[in-house]
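One structure is given here, and the rest of the page talks about it.
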């Protein structure tokens with residue numbers, strides 16, 4: 001699950017052209033394919049900025065992030081979705097409302113993003 005999330009995040013943030021020597025294989029458009037071993041690994045922290053993700057990917061990214069954050073023992077996480085018209089905020093909060101690992105959630109205080117971020121309290125690991 002973690003590997004899938006990290007690979008998904010790495011694909012979204014991968015540079016247009018690899019810094020390492022290009023792979024010998026080429027895509028259908030003639031561009032070299034990146035070496036799968038050269039994909040960067042992004043750390044899981046207590047906050048995630050969702051601005052870099054396509055709107056269609058937000059639900060799966062949030063689900064995977066919550067699962068991994070819980071596995072790592074974070075008691076609380078911050079999901080930065082932006083203010084805008086509130087569409088992403090509603091999407092994120094609807095996921096949080098039904099996610100089994102989320103105990104509660106609220107808008108972040110002004111010092112941590114206000115309406116542009118949501119704080120989620122995760123359930124404690126029951127070992």
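Residue numbers (UniProt numbering): 1 to 127.
Beta carbons: idealized from backbone N, C-alpha and C, even for Gly.
Every value quoted in this text rests on a predicted model; they were computed, and no experiment measured them.
Beta-carbon proximity check, residue i vs residue j, cutoff 8 Å
i           : j          : result
residue 44  : residue 76 : no
residue 55  : residue 88 : yes
residue 112 : residue 78 : yes
residue 107 : residue 80 : no
One or two residues paired with residue i in a DSSP bridge
i           : result
residue 102 : 122
residue 107 : 118
residue 48  : 79
Given residue i as reference, the closest of the options once Cα atoms are compared
i           : options             : result
residue 61  : 119, 91, 74 and 107 : 91
residue 72  : 109, 101, 49 and 85 : 101
residue 99  : 48, 120, 53 and 74  : 120
residue 114 : 53, 46 and 86       : 86
residue 118 : 103, 125, 97 and 93 : 93
residue 57  : 104, 95 and 105     : 95
Same chain, Cβ closer than 7 Å to residue i, five either side skipped, listed in chain order
i           : result
residue 82  : 51, 88 and 116
residue 74  : 46 and 122
residue 103 : 121, 122 and 123
6 Å CB neighbourhood of residue i in its chain, flanking five on each side removed
i           : result
residue 109 : none
residue 66  : 99 and 101
residue 105 : 96, 118 and 120
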